[in-house]
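Asks: Take this structure first; my questions come after.
Protein chains: 2
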Amino acid sequence: MMNKKGLAILMRTKMRPLSPSSSKLNQMQGSQPEGDKGDASLLPQRELTQVRESMYSAMSTNKTEIVDVALNDFSQGYFFLSAENRYKILLSLAKEYDLNRTQVRELMEQHLDLQLPSDKAEDSGHEEEGSLSAFYRIERNLRQALKPMYEVLFERLNTHPGGLKFLSDIRADILCILEDVNIASLRALDSHLKEKLITWLSPANLELYNITWDDPASLLEKIVAYEAVHPISNLIDLKRRLGIGRRCFGYFHPAISGEPLIFIEVALMKDVAATIQEVLWDHPPISEHEASCAIFYSISSTQPGLSGVNLGKFLIKRVVDVVKKDMPNICVFATLSPIPGYRKWLLSKLASSEMSGSAFKENLLRPEEEKALMDASGGSDMGSSGIDIMWNLLTSKTHEWTNSPNLVSALRTPMMRLCARYLMKEKKRGKALDSVANFHLQNGAMIGRLNWMANRSQKGVTQSGGIMVNYIYRLDNIEDSAQAYLNEGHIESSSDFRSYIEDDNGERAD
Amino acid sequence: MMNKKGLAILMRTKMRPLSPSSSKLNQMQGSQPEGDKGDASLLPQRELTQVRESMYSAMSTNKTEIVDVALNDFSQGYFFLSAENRYKILLSLAKEYDLNRTQVRELMEQHLDLQLPSDKAEDSGHEEEGSLSAFYRIERNLRQALKPMYEVLFERLNTHPGGLKFLSDIRADILCILEDVNIASLRALDSHLKEKLITWLSPANLELYNITWDDPASLLEKIVAYEAVHPISNLIDLKRRLGIGRRCFGYFHPAISGEPLIFIEVALMKDVAATIQEVLWDHPPISEHEASCAIFYSISSTQPGLSGVNLGKFLIKRVVDVVKKDMPNICVFATLSPIPGYRKWLLSKLASSEMSGSAFKENLLRPEEEKALMDASGGSDMGSSGIDIMWNLLTSKTHEWTNSPNLVSALRTPMMRLCARYLMKEKKRGKALDSVANFHLQNGAMIGRLNWMANRSQKGVTQSGGIMVNYIYRLDNIEDSAQAYLNEGHIESSSDFRSYIEDDNGERAD
């Protein structure tokens, strides 16, 4: 059991959540120490020079002791830099420690000067071997020359205590910068760093750990701080998520101790959950041997710098394996997921439908939906058309429509139908537009069921009008589904779910 | 304590040692099953085809289930292949799954067609960014195109259960083949595989474990089987090596369970050991708090396929750290090492000295050494010159000279002097010719002391006339020594050791 000190820490955490990382630009700026030591106007420049020097010497020398000191100076100094100076130092890393293009081109020319061995070279085995060995030599040198010099820094940080975490923090800063400005050299730096991180954080190097109420408060505090989907409101809430009928699994890396890189929360239930209320609050948990469904209701990654490393895919696979092995009675694996991009997409549709000329106007609402909305609004000043009313209801900050049974009922049909269309049809580069949908579909899940009023919290209503969706992981189909999605953009869904879309098509074909 | 079953297993092991791997060519052949199932003459061909097909499908499909089955079939089938068929399949992997040179050259030409940005491009930031981004794109594609297709197989095996060990076994076979024939494509395959193994077996992924008498017999059995320097002769011998005043540390990888990749045996002593007898048998161990020296007296790697991965360097560093932390009274870290190449080198020197014409004849022996040898041989038929006598004594299978105090005494001076010369002056590509010397020198050790009659066993006398050497790890000098050796071939040594060489130089300058 947790001791008193642990509890105290945990309670304090609740009041004053950790800032999970220094990734956001404003946090980067916030981390700059105030000028209370000497000449504040000169300090940043001197600091920048020092940090830059330690970065260079960490790459350029071969003496371990000096490298270690330089890496320490660099990583400590970096955190004191302002956002602007971090930008400067990362840019100078990307540009000045790139590859040597002149050398690369010399090797290319050497390669192109060689005669490719002919296909019928089998007779002249010896000659072929000789010619091939020249190719191999140049190609080996070329591979080496194509490595930017800054890879040395990454590799040295990776084996330096705390270095892997620092690399992830650096990448968070880079991603943050790239959101604002598109700099080719910085983008190249990012893609190299990402590739390295993918190698170093391969599933073979990660440990799956079942986090429980018996774990140290210092770990549980992190769970509270990092939970990104359904915020943990108090100790009872946390204890319930770690108690009977619940599981919380984290993926840990030996070099980043005391916090998971990503964690998933699981509820063991009789049926696939239709609302987050029943998972988090409404029902007391059932005894575990009665459960037949494992519901993944929250998955949070803790390191913004690991974006794109896709730890979640492997985490889900391993959790499925562990749960299947521990509890053979569990036969359904499903999520209860938010639809974070739905309301934003819907508002843009409503806006463009209102603005576009009547000739190109898309019939976003069906006549009976239009009528139901007008009726429910009861001639108030909510709007002059169904679209108008929807817009006004969805943009009201207080979401008071959720308290009106009439409005909830009138919104249900168009909101669910358009949500199905959003999940199934709206794509970006062949992938589902919704980020959570894309995540589960590329992992091989199918879309199961839409759930109305499934998350009535401020956050749930703001993201998706309170709708949530179950993605189903059918164990014998995961790979096929993932391949069909990744190769052809094909989205598998239940017939229940498809009925929304088919109705929609029928209507529009009229 | 070990249970009875454990002891029984251990005793059996002693009688029937494991064959540590299937690496030796004769073992490769030995693993082919005898033709007791059908037409023996057709079987090998059919097997080869099947294994080859599973290898190809493990690379070419993307469906995890199929890949898993193919990897299983491939790795199981491979072990049943004859040496000749293994050779065939590895060669076809190296040649048919190499890179696509036509594609590589197209990318090279695209790159060479681009104009390199001028150095004064700082004014035209935007233009430069645009041009750079074309370079980055082509370079990224080129890096990809320069990866041989067989890397996919390596990567998939790495994350497949048992796959990492299998890759190490495959590499052992490749190294074995390359000892006999030099095939450029197979050499390239080997260098790719080696690089991958170096990445996957980085120190961050390895666990240091203190192996004790309380460990499972199945683990201790491996130590007995793999001990390569000083064979473990019986249970008492093993127990002593794991008992008071002794340590055995292994480096383990999570994917290769139950056996270390490499292990080191350490004796805690009052003084730097001068003979292996005192470490292994003569003296009872002292109480550990009296010890001031940690003597590394044996280091054995268990995987021939990890040759060149240099796990030993990191193992020694970590063991030094652990021992220093646990026992602050230990202040000397030294080895007691064999000199495996000395006798072979000396015999070749003796032979060429005998054969070469008198004009170019090197004075291998000094006059007083010559005289002492002639006197000690007492006019018997041992030879007509000092060199002749040395040759005959060192090539006698029974090593009876080790029982004659006169001969031992007469051999001592020239043997020690020439051994110092061998260790210090004989180089191959700028590195010490002796493999053990090269290993410790590149790790940053210095040569400490030569020890006469330090290993009287058959093996010790055959390798180096019974001489052993202490390499000293001086903790504040390790990196400097390693760099000086690696960069300039500089070998550090004690003044005691140097006196052999300086005398030698003095003599020759006369």
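Respectively, the protein sequence lines represent chains Z and B. If you read the first sequence in the UniProt record's numbering, its first letter stands for residue 1, the second for the next number, and so on. If you read the second sequence in the UniProt record's numbering, its first letter stands for residue 1, the second for the next number, and so on. Where is the CB? At the ideal position from N, CA and C, for every residue including glycine. Just so it is clear, the structure is predicted and the values come from calculations on it, not from any experiment.
Under 9 angstroms, do asparagine 470 of chain Z and asparagine 451 of chain Z count as touching if we go by C-beta distance?
Replies: Using a Cβ distance threshold of 9 angstroms, asparagine 470 of chain Z and asparagine 451 of chain Z count as a contacting pair.
Asks: Could you have a look at arginine 246 of chain B and say whether DSSP puts it in helix, strand or coil?
Replies: If DSSP states are grouped into helix, strand and coil, arginine 246 of chain B belongs with the strands.
Asks: Taking CB distances under 9 angstroms as the criterion, tell me whether glutamate 139 of chain Z reaches chain B.
Replies: Closer than 9 angstroms to some Cβ of chain B, the Cβ of glutamate 139 of chain Z qualifies, so yes.
Asks: Of the choices Z:Leu280, Z:Gly77, Z:Arg421 and Z:Cys293, whose alpha-carbon is the least far from that of alanine 334 of chain Z?
Replies: Z:Cys293
Asks: Which class does glutamate 207 of chain Z belong to by DSSP, given the choice of helix, strand or coil?
Replies: Glutamate 207 of chain Z carries a strand assignment under DSSP once its states are collapsed to helix, strand and coil.
Asks: Take proline 285 of chain Z as the anchor and find which of Z:Glu65, Z:Asn363 and Z:Leu268 has the nearest alpha-carbon.
Replies: For proline 285 of chain Z, the nearest C-alpha among the options comes from Z:Leu268.
Asks: Per DSSP, what kind of secondary structure is asparagine 406 of chain B in: helix, strand or coil?
Replies: It is helical.
Asks: How many angstroms separate the CA atom of aspartate 476 of chain B from the CA atom of aspartate 496 of chain B?
Replies: Aspartate 476 of chain B and aspartate 496 of chain B: Cα-Cα distance of roughly 20 angstroms.
Asks: DSSP three-state call for asparagine 451 of chain Z: helix, strand or coil?
Replies: strand
Asks: Taking a contact to mean a Cβ-Cβ separation below 9 angstroms, would you say glutamate 354 of chain Z touches isoleucine 316 of chain Z in this structure?
Replies: no
Asks: Taking three-plus beta-carbon pairs below 8 angstroms as touching, is the stretch 163-176 of chain Z in contact with the stretch 167-182 of chain B?
Replies: no
Asks: Between the alpha carbons of methionine 446 of chain Z and isoleucine 491 of chain Z, how many angstroms are there, rounded?
Replies: 7 angstroms
Asks: Could you name each continuous alpha helix (DSSP H) segment of 4 residues or more that falls completely within the stretch 233-283 of chain Z, going from the start of the chain to the end?
Replies: 235-241
Asks: Residue range of the alpha helix (DSSP H) that cysteine 293 of chain B falls in?
Replies: First-last for cysteine 293 of chain B: 293-301, but that is the beta strand (DSSP E), not the alpha helix (DSSP H).
Asks: So, for alanine 473 of chain B: in the same chain, excluding its five sequence neighbours on each side, which residues have a beta-carbon less than 6 angstroms away from its beta-carbon?
Replies: One detail in the question is off: residue 473 of chain B reads as tyrosine in this sequence, not alanine. The answer, listed in chain order, is Phe333 and Ala445.
Asks: What does the alpha-carbon distance come out to for the pair glycine 378 of chain B and serine 404 of chain B?
Replies: When only Cα atoms are considered, glycine 378 of chain B and serine 404 of chain B end up about 12 angstroms apart.
Asks: Per DSSP, what kind of secondary structure is isoleucine 198 of chain B in: helix, strand or coil?
Replies: helix
Asks: Does any residue of chain Z have a CB that is nearer than 9 angstroms to the CB of serine 135 of chain B?
Replies: The sequence given here has phenylalanine at residue 135 of chain B, not serine. With 9 angstroms as the cut-off, phenylalanine 135 of chain B counts as an interface residue toward chain Z.
Asks: What does the alpha-carbon distance come out to for the pair valine 229 of chain Z and serine 300 of chain Z?
Replies: 7 angstroms
Asks: Cβ of proline 260 of chain Z less than 9 angstroms from any chain B Cβ?
Replies: So no, proline 260 of chain Z is outside the interface.
Asks: Which partner residues of asparagine 487 of chain Z appear in the DSSP bridge assignment?
Replies: Looking at the DSSP assignment, asparagine 487 of chain Z forms no beta bridge with any residue, so it has no partner.
Asks: Is any beta-carbon of chain Z found at less than 9 angstroms from that of valine 104 of chain B?
Replies: yes
Asks: Runs of 4 residues minimum, wholly inside the UniProt domain "Malonyl-CoA decarboxylase N-terminal" (137-200) of chain B: which ones carry the alpha helix (DSSP H) assignment?
Replies: 150-158, 163-180 and 184-200
Asks: Please list, in chain order, all residues of the same chain as tyrosine 97 of chain B whose beta carbon is under 6 angstroms from its beta carbon, the five residues on each side excluded.
Replies: Met149 and Tyr150
Asks: Kindly indicate which residue of B:Arg246, B:Arg247, B:Gly245 and B:Ile262 has the alpha-carbon position closest to the one of histidine 253 of chain B.
Replies: It is B:Ile262.
Asks: For valine 279 of chain Z versus valine 319 of chain Z, is the C-beta spacing smaller than 9 angstroms?
Replies: No, the Cβ-Cβ distance between valine 279 of chain Z and valine 319 of chain Z is not below 9 angstroms.
Asks: Could you compute how far the alpha carbon of glutamine 277 of chain Z sits from the alpha carbon of glycine 460 of chain Z?
Replies: Looking at the two C-alpha atoms, the distance is approximately 11 angstroms.
Asks: Between residue 526 of chain B and methionine 453 of chain B, how many whole angstroms is the CB-CB distance? I'm expecting something under 8 angstroms.
Replies: Only positions 1 to 510 of chain B appear in the structure, and residue 526 of chain B is not among them; the question remains open.
Asks: Can you give me the Cβ contacts of alanine 484 of chain Z inside the same chain, cut-off strictly under 8 angstroms, excluding the 5 residues immediately before and after it?
Replies: His490 and Glu492
Asks: Could you pull the DSSP bridge partners for valine 332 of chain B from this structure?
Replies: B:Cys293
Asks: Under 6 angstroms Cβ to Cβ from tyrosine 209 of chain Z, same chain only, skipping five residues before and after it: list those, please.
Replies: Once the five neighbours on either side are set aside, the close Cβ partners of tyrosine 209 of chain Z are Gly250 and Phe252.
Asks: How would you write the range of the alpha helix (DSSP H) that valine 436 of chain B sits in, first residue to last?
Replies: First-last of the alpha helix (DSSP H) with valine 436 of chain B: 435-442.
Asks: Just how far apart, CA to CA, sit leucine 433 of chain B and glutamine 442 of chain B?
Replies: 12 angstroms
Asks: Using a Cβ-Cβ cut-off of 9 angstroms, state whether arginine 187 of chain B counts as contacting chain Z.
Replies: yes
Asks: Kindly list, in the order they appear in chain Z, the residues whose Cβ is closer than 8 angstroms to that of isoleucine 183 of chain B.
Replies: Those within 8 angstroms of isoleucine 183 of chain B in chain Z are Glu129.
Asks: Give, in chain order, every residue of the stretch 54-66 of chain B whose Cβ lies closer than 7 angstroms to some Cβ of chain Z.
Replies: Close to chain Z, meaning a Cβ-Cβ distance shorter than 7 angstroms, are the following residues of the stretch 54-66 of chain B: Asn62, Lys63, Thr64 and Glu65.
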